[in-house]
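Numbering (the numbering used here), first residue to last: 24 to 329. Built from N, CA and C at the ideal position, the CB exists for glycine as well.
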């Protein structure tokens with residue numbers, strides 16, 4: 024039904040429009056992407072060294088994109104991320120499901136040959152729990168389900184008090200800075216708390232993946248840290264870790280507040296803050312709920328080690 028070819032830089036506007044249209048439907052939603060044109064354009068524009076050299080398209084007879092699979096990878100952690108596959112099949116097609124899977128399989132076959140994945144032995148897919156086709160696609164190609172995540176968001180009038188209320192954490196929270204002992208303690212805590220991390224401790228403190236880091240310190244040294252980054256329409260809390268001795272004492276909430284304030288001060292206020300929490304991490308859910316965050320959606324991850 025579709026031909027498969029490498030993406031070209033000039034395809035980007037049409038691909039953004041395609042992804043935005045499909046992202047609006049839970050049955051096609053992929054967790055790596057936002058839902059607005061600005062969000063998707065920013066995400067694809069952030070691929071290194073560029074988007075087009077790591078993407079393959081399914082095109083119709085007029086060479087218009089009707090499907091896409093974009094590849095991102097980090098050779099330092101040895102992991103790749105498959106953004107998609109997205110396939111647009113007419114709803115009235117008599118074999119819509121089979122056409123979707125045929126195109127998705129061909130997209131994967133071509134994407135696996137992209138040089139960006141050379142030497143990458145760990146691949147991830149990530150989609151809405153109602154994206155049944157992605158789940159079937161993952162199982163058929165040997166991916167295993169690696170857990171459900173819940174996205175929590177804080178928006179508008181609920182976000183504003185967190186950013187402008189009196190800073191009661193000032194004595195313990197501060198930007199990471201350049202102190203080598205503190206930076207090494209953040210690295211060590213990160214490695215202990217996130218054994219299945221997609222960002223190394225060194226990448227985190229060096230800002231190699233764009234993170235801003237704030238820390239909480241006390242008489243015994245590092246109490247915890249929070250790390251995140253800014254997107255077009257969102258303040259994103261990516262990691263929060265607190266020393267086991269200091270949990271349930273409000274340190275995590277103080278770190279999240281400090282991080283959001285730092286991100287907003289450095290990059291400007293956004294209409295939304297967000298965090299992704301693994302299903303079953305009840306302590307983190309309680310912490311974010313106490314800050315006013317609400318459950319937005321649930322996503323399922325899939326992994327393939329080759």
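CA nearest to the CA of residue i, picked from the options
i	options	result
residue 99	105, 140 and 67	140
residue 102	262, 145 and 90	145
residue 41	110, 33 and 71	110
residue 246	292, 222, 197 and 285	197
residue 203	104, 218 and 229	229
residue 92	58, 130 and 33	130
residue 68	152, 254, 305 and 313	254
residue 289	56, 25 and 234	234
residue 186	104, 249, 79 and 294	294
residue 165	177, 263 and 148	148
residue 269	65, 220 and 239	239
residue 51	322, 329 and 251	322
residue 311	297, 303 and 320	297
residue 272	207, 250 and 241	241
residue 324	168, 200, 176 and 221	168
residue 126	58, 61 and 25	25
Buried/exposed call for residue i, threshold 16 Cβ in 10 Å
i	result
residue 193	Because residue 193 sits at a pLDDT of 49, beneath the cut-off of 50, its placement in the model cannot be relied upon, and the following sentence gives the value as read from the coordinates. Classification of residue 193: exposed, given that the 10 Å Cβ count is below 16.
residue 106	buried
residue 46	buried
residue 179	exposed
residue 36	exposed
residue 63	buried
residue 170	exposed
residue 96	buried
residue 184	exposed
residue 205	buried
residue 173	buried
Where residue i falls: helix, strand or coil (DSSP)
i	result
residue 70	coil
residue 193	Model confidence at residue 193 stands at a pLDDT of 49, short of 50, so the residue's coordinates are unreliable; what they give is reported in the following sentence. Correct three-state label for residue 193: coil.
residue 93	strand
residue 170	strand
residue 88	strand
residue 105	strand
residue 183	helix
residue 82	strand
residue 163	helix
residue 28	strand
DSSP bridge partner residues for residue i (one or two, in chain order)
i	result
residue 36	Answer is none; residue 36 lacks a bridge partner.
residue 51	Looking at the DSSP assignment, residue 51 forms no beta bridge with any residue, so it has no partner.
residue 325	148 and 168
residue 45	Answer by DSSP bridge pairing: none, since residue 45 is not bridged.
residue 157	According to DSSP, residue 157 bridges with nothing at all.
residue 176	297 and 317
Cβ-heavy atom distance, residue i to the ligand GDP, below 7 Å
i	result
residue 180	For the structure depicted, the ligand GDP is absent and the ligand set is empty, with no information on it obtainable.
Within the stretch 108-152, note down every full alpha helix (DSSP H) run reaching 4 residues or more, in order along the chain. Correct list: 119-134.
Beta strand (DSSP E) runs contained entirely in the stretch 196-280, provided each spans 3 or more residues: With a minimum length of 3 residues, the continuous beta strand (DSSP E) runs that stay inside the stretch 196-280 are 196-198, 235-241, 244-254 and 257-265.
Could you pull out every unbroken alpha helix (DSSP H) segment of at least 4 residues lying fully inside the stretch 279-317, listed in chain order? Counting only runs of 4 or more, we get 305-313.
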